[in-house]
Each structure stands twice: as structure tokens, then as C-alpha cells.
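All remarks here apply to the structure that follows.
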Amino acid sequence: MRLLIALILSMPAWAQFGAATQVVNGNGAPNVAYCANANNVGMVYARKDGEAANTTFYVCSNTGVATYAWALLGGSSGSGDVVGPASAVDGNIAAFDSTTGKLIKDSAIGTAAGGHIIARGTSPTITSGFGTTPSIAGKDAAGRVTVGTGGTAATGTITFGTAWTTAPVCTAANETTQLALFPTATTTTLVLASSTPFTAADKLVYICVGY
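Under the working numbering, think of the first position of the sequence shown as 1, with each following residue one higher.
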């Protein structure tokens, strides 16, 4: 780590360190304009605080979907190689950011007390069907639809909060009647259908997994 710091401190502004990492020397906080897109991820900024021993390092990190920010890398004494975002959701699992093995980000996959996996992300919505004024609780990966009153709907469409890269594999069940429920998913929607019309207040549950 001390050798790395010595090399960085001796480099001119915008020098290249290794084959891909861009290093910037300067005074004051890092400029947000230099950490604004995916091309900047991994860039290192060396902030000189008057003394070489107090030099502070930052790395441009991916902090969310199309969101980027400078993350504190550490001082001259060094404390490890892995660097994370400036903030994250408490309880979420960390995931590697890029292929360096030294940058992590918030995976948006959560855990709760007892080790249970909790679905996160933008909530899905009901596009059509499921009777009059149905409701939905949950996330794209798992949720529960409560069938509304009126009509004899035997199908309904859920629009995912965030589109999947590939249509997920989904399973579904009617918790109330235990009648068969048939899920059909695309990258943006999930259709739940039954050979028998739903009854008001039926609880329809689903689980979707991407691959």
C-alpha cells in the first residue's frame, strides 16, 4: 500500500496507473463532474491535505442504477483493498461492482433478522384484471395480490417495477381456494390466470427468479 501511495503522489494529474486506472492529484474535495458516468468508475483521486502523510484517496464508484459518486478509499496507512459506495441500505447484501474484485455496491437484495431474504426495489403495479379495485403488496421477486370485488375475472396482469433482463421464471398459487394458478411472464409483466374465476378477496401469491 505504501508503494502504491508513493507512486500516486509522484504522478502528474491525469496520469495512468496500470492499464486502466486513471489517477488524479489535487487539493480539496473531488470534483463530482469527474465521476458522472460508467466510464469514470474505478478512477482514483489523491487529495493532498498539505502533508503527504495526510493524503486522502477517493475512488469513483457505481452507487446505484446510473448513479455515481466518489467513495473514500483510505489514507496513507491503508486499511484494505475493497471500497464501497458512500451509502447503502441497512441490511442489503453487497455485490461486486465491475470486474476488479475491489469495488462493491448495494445489490438491492436485503436480509432481515433471522437471515431471511427480503425482496427490494420498485414495487410492481396491477395493470388489469383481478376484479374491481384489487391490491398488490410485495416486489418484483415476490408478492401477494388481493382480488377485488365485482365481476368474474379469471386473469390479471402485473407490471414489474423494474424490467428484467430476461423473462423470469415464476410460480404462483391461490392461497385462499388452492385452485391452480398459471403464471406467464415477460420481461415487463406477469399474467396470472385461473381456469375458474377468482373470488373477491382471494390471495394470489407469486415468486419470480431471474437467470
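Backbone N, C-alpha and C fix where the C-beta goes; we use that ideal spot for every residue, glycine too.
Pairwise C-alpha distance: residue 62 and residue 35: 9 Å
Which partner residues of residue 146 appear in the DSSP bridge assignment? 135 and 203
Where residue 75 and residue 102 are concerned, what is the direct C-alpha to C-alpha distance, given to the nearest angstrom? With a pLDDT of only 45 at residue 75, under 50, the local geometry of the prediction cannot be trusted, and the value read off the model is given with reservation. Taking the straight line from one Cα to the other gives about 16 Å.
Would you mind sorting residue 163 into buried or exposed? The rule is 16 or more other CB atoms within 10 Å of its CB. exposed
Candidates 190, 185, 165 and 100: which alpha carbon is nearest residue 136's? 190
So, using beta-carbon positions, are residue 130 and residue 156 closer together than 8 Å? It is a contact, given that the beta carbons lie within the stated cut-off.
Do you know how far the Cα of residue 31 is from the Cα of residue 96? 24 Å
Where do the N-terminal and C-terminal ends of the beta strand (DSSP E) with residue 161 fall, by residue? Premise fails: residue 161 is in no beta strand (DSSP E) and is neither H nor E.
Other residues of its chain near residue 209: CB distance less than 8 Å, five sequence neighbours each side excluded: Closer than 8 Å at the Cβ level, and outside the excluded window around residue 209, lie 141, 168, 169 and 170.
In three-state terms, what does DSSP make of residue 211? coil
Between which residues of its own chain and residue 82 is the CB-CB distance below 7 Å, once the five residues before and five after are set aside? The answer, listed in chain order, is 102 and 104.
Candidates 70, 39 and 110, of which the one nearest residue 89 by Cα: 110
Measure the beta-carbon distance from residue 172 to residue 206 and round it to whole angstroms, keeping in mind my assumption that it falls under 8 Å. 4 Å
Where DSSP assigns a beta bridge to residue 96, which residues make up the other side? 104
Ends of the beta strand (DSSP E) at residue 45? Per DSSP, residue 45 is one residue of the beta strand (DSSP E) stretching across 44 to 47.
Go ahead and pull the three-state DSSP assignment for residue 77. With a pLDDT of only 43 at residue 77, under the threshold of 50, the placement of this residue in the model should not be trusted, and no figure is reported.
Using DSSP with H/G/I as helix, E/B as strand and the rest coil, what is residue 66? coil
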